[in-house]
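Enquirer:
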Amino acid sequence: MIYGIFEIGMMLCFAAAWPFNIARSWKARTAVGTSPWFMLVIELGYVLGMINKVVNDDVNYVFAFYVLDFVLVLIGLAIYARNKAIDRSRGRASSE
1 MIYGIFEIGM MLCFAAAWPF NIARSWKART AVGTSPWFML VIELGYVLGM
51 INKVVNDDVN YVFAFYVLDF VLVLIGLAIY ARNKAIDRSR GRASSE
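Read in my numbering, the sequence shown has 45 at position 45, and its numbers run on one by one without any break.
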């Protein structure tokens with residue numbers, strides 16, 4: 001009955017921070033202070049978690065939370081790309 005409840009809790013905790021990060025990045029309109037490498041490592045972790053679910057034949061409703069978190073970070077990466085382009089148009093250096 002509670003199968004995966006702690007894993008879902010972990011994934012929800014991770015997911016809780018991303019909407020705030022997305023909103024802050026969108027409003028900031030700059031990539032300065034953003035680490036795309038950090039977000040890529042997080043994405044890799046989610047992909048490995050999903051692969052683990054598939055390989056171990058453990059694909060269940062928890063998988064949807066991996067996908068949700070992956071998509072949230074992907075949105076963050078897209079906003080980073082937008083903000084980096086804005087920085088370039090302004091002639092401002094951004095972090096890499």
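Backbone N, C-alpha and C define an ideal beta-carbon position, used for all residues, glycine too.
Starting from D87, trace the alpha helix (DSSP H) both ways and give me its first and last residue.
Expert: The residue given as residue 87 occupies position 87 in the sequence shown. Looking at the DSSP string, the run of the alpha helix (DSSP H) that includes D87 is 62–90.
Enquirer: By a C-beta neighbour count over all protein chains shown, 10 Å radius and 16 as the cutoff for buried, is I2 buried or exposed?
Expert: The residue given as residue 2 occupies position 2 in the sequence shown. Classification for I2: exposed.
Enquirer: Taking the straight line between their C-alpha atoms, what separation do you get for Y66 and I22?
Expert: For the purposes of this step, residue 66 is identified with residue 66 of the sequence shown, where counting begins at 1. For the purposes of this step, residue 22 is identified with residue 22 of the sequence shown, where counting begins at 1. Each residue's alpha carbon lies about 18 angstroms from the other.
Enquirer: Alpha carbon to alpha carbon, how far is S25 from G33? Give it in angstroms, no decimals.
Expert: Counting from one through the sequence shown, the residue named residue 33 turns up at place 33. Counting from one through the sequence shown, the residue named residue 25 turns up at place 25. Roughly 10 angstroms separates the two Cα atoms.
Enquirer: Under 8 angstroms between the Cβ atoms of A15 and L77?
Expert: Position 15 of the sequence shown, counted from the start, is the residue given in the question as residue 15. Position 77 of the sequence shown, counted from the start, is the residue given in the question as residue 77. Going by C-beta atoms, A15 is not nearer than 8 angstroms to L77.
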